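What follows is a short report on a single structure.
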Amino acid sequence: MEPAADRGLVLIAEDEPAIADIERLYLGNAGFGVHVERDGDAALAAVRRLRPVAIVLDVGLPGLDGIEVCRALRADGDWTPVIFVTARDDEVDRVVGLELGADDYLTKP
C-alpha cells in the first residue's frame, strides 16, 4: 500500500495487474494514495479497514465480484463513491451497477 496522499486514499480492486498499474500511476500522479486488492473478498475487507475516499472497482473480480462488493457496501450503509471500471459493456450490467449505487460505470478499452 502506498501512503495516503493529500487527496486521500483510493482503493483499486482489479485482478489484472497491468490495468491496476495504470490506475495506480494515474491516481498517484493526481495526488491520491492508492491501495490495490486483487479479489472481491480482500477489497471488501480493505474498504472496511482503510476507509478510502473512493473505490475503483472491477466487476469481474475473483471471489466476490464487483457487483457483490458494491451491494455489500451499500447494505452496510457505506456510501463511499464507487466507480466501476470493467470489460463488461452490456447495458444490463451498466444499469445494475448504477442501480446498486455505483457513481459511474466505465468500460475498459
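Residue numbers (UniProt numbering): 1 to 109. We treat Cβ as the ideally placed atom computed from N, Cα and C, and that holds for glycine. Predicted model, so just to flag it, every value in this text is computed and none were measured.
Item                                                                                                                                              : Value
Please classify residue 114 as buried or exposed, where buried requires at least 16 other C-beta atoms within 10 Å of its C-beta.                 : The chain is shown only over 1 to 109; residue 114 falls outside these bounds and no answer can be derived.
Any contact of the segment 68 to 86 with the segment 44 to 58, i.e. 3+ C-beta pairs under 8 Å?                                                    : yes
For D87, which of helix, strand or coil comes out of DSSP?                                                                                        : According to the sequence shown, residue 87 is Ala rather than Asp. Looking at A87 - three-state DSSP - the assignment turns out to be coil, as it is neither helix nor strand.
Given that a residue counts as buried once 16 or more other Cβ atoms are within 10 Å of its Cβ, and exposed if not, what is V95?                  : exposed
So which of T86, L64, R48, D90 has the shortest CA-CA distance to E16?                                                                            : T86
Give the single residue among Y105, G101, L98, V47 whose Cα lies nearest to the Cα of A13.                                                        : V47
Which residue from V10, T107, G101, K108 puts its Cα closest to that of L50?                                                                      : V10
Check for me: the alpha helix (DSSP H) holding L30 runs from which residue to which?                                                              : One detail in the question is off: residue 30 reads as Ala in this sequence, not Leu. Careful: A30 lies outside any alpha helix (DSSP H) and carries neither H nor E.
Assuming G40 contacts G77 under a Cβ cut-off of 8 Å, what Cβ separation, rounded to an integer in Å, is found between them?                       : Actually they are not in contact, since the Cβ atoms of G40 and G77 sit about 19 Å apart, beyond 8 Å.
Tell me, to the nearest whole angstrom, how far the beta carbon of V69 is from that of R88; I am working on the premise that it is less than 8 Å. : That pair is no contact at about 14 Å.
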